[in-house]
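Participant: Supplied in structure tokens, the structure appears directly below.
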Amino acid sequence: MTTQMDLKPAIPPLPGLHVLARNWWLLLLRGIAGIIFGVLAFVWPGITLLTLVIFYGAYALLDGFFAIGAAFRGGEAQSRWWLILIGILGIAAGLLTFLWPGITALVLALFIGVWSLVHGIFEIIGAIKIRKEIDNEWWLVLSGVLSVLFGLVMLIMPGAGALALVWVIGAYSIIFGALLVGFALRLKTHSHGSR
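Numbering (my numbering), first residue to last: 6 to 200.
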């Protein structure tokens, strides 16, 4: 008796997907960190810019370390370079905010915009590469598109008020974090199914 699985052509597994599936929990931690950061931005709407910079710096550092951790936990160099680049950008953005705490809202918006734009592009590329290996890769595509759109808005309109900036960053972080959590849980299922 043939099943639906028997009719699928044999596609060699992608090394990048294996790395992501094996490290699904790092993606989950990145998503949870994003949700926490976003909730904090809404809970304290009168947050000062310095506090926002500190929260953003901590989030960018965590995200960068988690991305690099996922890259070095396995896979070939070709399949993990984009995770390393995302990690380096996140760590650099986080360190800049801590080393330059008097940063203005305009410069912070530009930093966040560039980081989100690059991050989103690499997420979309990653989703395209794994689309034949996993169902519901749209989680990663959607988070990438959201990051690109958010980055473009931040680059086109960086002069938004500090409170609006806090709310936009909070909303973005919650949605982005939730999408990463959804994708991580999907990867967890994939990693258990491929054993």
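Where a beta carbon is used, it is the ideal one built from N, C-alpha and C, also for glycine.
Pick out the complete alpha helix (DSSP H) segments inside the region 25-65, 4 residues or longer, and give them in chain order.
Facilitator: Entirely contained in the region 25-65, the alpha helix (DSSP H) runs reaching 4 residues are, in chain order, 29-48.
Participant: Keeping to the same chain, check which residues put their C-beta closer than 8 angstroms to that of residue 151; ignore five residues upstream and five downstream.
Facilitator: Contacts found: 125, 177, 180, 181 and 184.
Participant: Could you spell out where the alpha helix (DSSP H) holding residue 139 opens and where it closes?
Facilitator: First-last for residue 139: undefined, no H or E at that position.
Participant: Can you grab the Cα-Cα spacing for the pair residue 22 / residue 85, in whole Å?
Facilitator: Spanning the two alpha carbons is a distance of roughly 10 angstroms.
Participant: Here's the rule I'm using: 16 or more other beta-carbon atoms within 10 Å means buried, otherwise exposed. How should residue 130 be labelled?
Facilitator: Label assigned to residue 130: exposed.
Participant: Give the straight-line distance between the Cα atoms of residue 174 and residue 142, rounded to the nearest whole angstrom.
Facilitator: If I take the Cα positions, the gap works out to 24 angstroms.
Participant: Nearest to residue 172 by CA position, among 33, 37, 144 and 44, is which residue?
Facilitator: With distances taken between Cα atoms, residue 172 lies closest to 44.
Participant: Distance, Cα to Cα, residue 30 vs residue 160?
Facilitator: Going from the Cα of residue 30 to the Cα of residue 160 covers about 31 angstroms.
Participant: Candidates 65, 41 and 127: which alpha carbon is nearest residue 87's?
Facilitator: Ranking 65, 41 and 127 by Cα distance to residue 87 puts 127 first.
Participant: Can you tell which of 55, 120 and 48 has its C-alpha closest to the C-alpha of residue 98?
Facilitator: Closest by alpha carbon: 120.
Participant: With distances taken Cα to Cα, identify the nearest neighbour of residue 114 among 38, 62 and 93.
Facilitator: For residue 114, the nearest C-alpha among the options comes from 62.
Participant: Residue 204: buried (16+ other C-beta within 10 angstroms of its C-beta) or exposed?
Facilitator: Nothing about residue 204 can be read from this structure; the chain reaches only from 6 to 200.
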